[in-house]
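This report concerns only the one structure given below.
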Amino acid sequence: MIGDVECYTADQIQLITFEEHVRARPAMYFRVGKDSPELPTEVLQQVVWDALHHGAGVHGRISVEIGSDLSFTVEDARHRSAVEQGRPVPGFFGSLLDKGRWAPAAAAALSVRTVVEVWLDGRGFRQELAGATPVGAWEEFGTSRLSGTRTTFHLDPSYCGPDEAIARSLLPDELHGHECDALPSPVTFTIRDLRAETKNSAGK
């Protein structure tokens with residue numbers, strides 16, 4: 264101790280990766296802790312906020328699909344923040360996750376599998392991640408889309424508690440946030456919950 268200041272040696276300083284930090288302190292990214300039953304819904308909400316907000320009160324066009332209790336897809340039309348010669352500049356950990364958008368990267372850190380698709384002027388790029396780390400190089404494919412990103416997250420069931428799940432019957436304003444009601448762009452996006460469709464089909 265020097266006065267009231269505690270000193271640390273180099274041996275006492277532990278460096279952890281971004282993924283390790285997200286998994287150790289999820290509340291810093293998603294407002295609730297690991298043991299909260301609301302964690303999967305909060306992860307979805309943060310990814311939706313990221314996709315929807317383009318700054319200056321402008322809300323972009325997005326869609327949301329919930330595939331299961333712990334999986335979801337968010338699609339938006341935002342332009343890539345960094346492009347070089349018609350190709351995405353590598354983002355988080357050399358992946359297709361845009362470095363200008365932290366929420367998808369944090370959500371990927373809590374996922375066992377993430378699939379990212381990026382569209383740039385008729386060129387598509389697809390990559391699979393394990394956690395936030397690329398499984399391999401991205402693949403290119405043709406598309407008519409001019410710009411946008413579609414990302415599918417499969418949250419880690421061993422990290423989430425056995426009773427944790429994305430909330431059912433979600434409405435857009437529940438994911439978007441009431442604090443944005445006064446902004447000039449309206450909240451307009453769809454939520455397709457495949458769990459509800461499966462239940463209705465099974466009940467026929």
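Residues 264 to 467 (our numbering) make up the sequence shown, in order. For every residue, glycine included, the Cβ atom is placed at its ideal position computed from N, Cα and C. In this text, all values refer to a predicted model and were calculated from it rather than measured experimentally.
No residue range can be given for Arg341, since it is assigned to no alpha helix (DSSP H) and is classified by DSSP as neither H nor E. Residue state for Ala400 is assigned as coil, using DSSP reduced to three classes. Each residue's CA atom was taken as its position, placing His317 and Phe388 some 22 Å apart. Taken through DSSP and simplified to helix, strand or coil, Glu283 comes out as helix.
In this structure, the CA atom of Gln308 is about 15 Å from the CA atom of Ser299. Residue pairing by DSSP puts Phe335 in a beta bridge opposite Ile329, Phe416. Rounded to the nearest whole angstrom, the CA to CA distance from Ile329 to Val306 is 12 Å. With respect to Val375, Asp332 sits apart: the two C-beta atoms are not nearer than 7 Å. Minimum Cα-Cα distance from Gly399 among the listed residues Gln390, Thr406, Gly424, Val321 corresponds to Gln390.
Per DSSP, the beta-bridge partners of Phe388 are Val381, Glu403.
Around the beta carbon of Gly411, 16 or more other beta carbons lie within 10 angstroms, which makes this residue buried. Rounded to the nearest whole angstrom, the C-alpha separation of Arg294 and Ala340 is 26 Å.
Of Trp401, Arg455, Thr461, Ser344, the smallest CA-CA separation from Val337 is found for Arg455. Rounded to the nearest whole angstrom, the C-alpha separation of Thr414 and Val379 is 5 Å.
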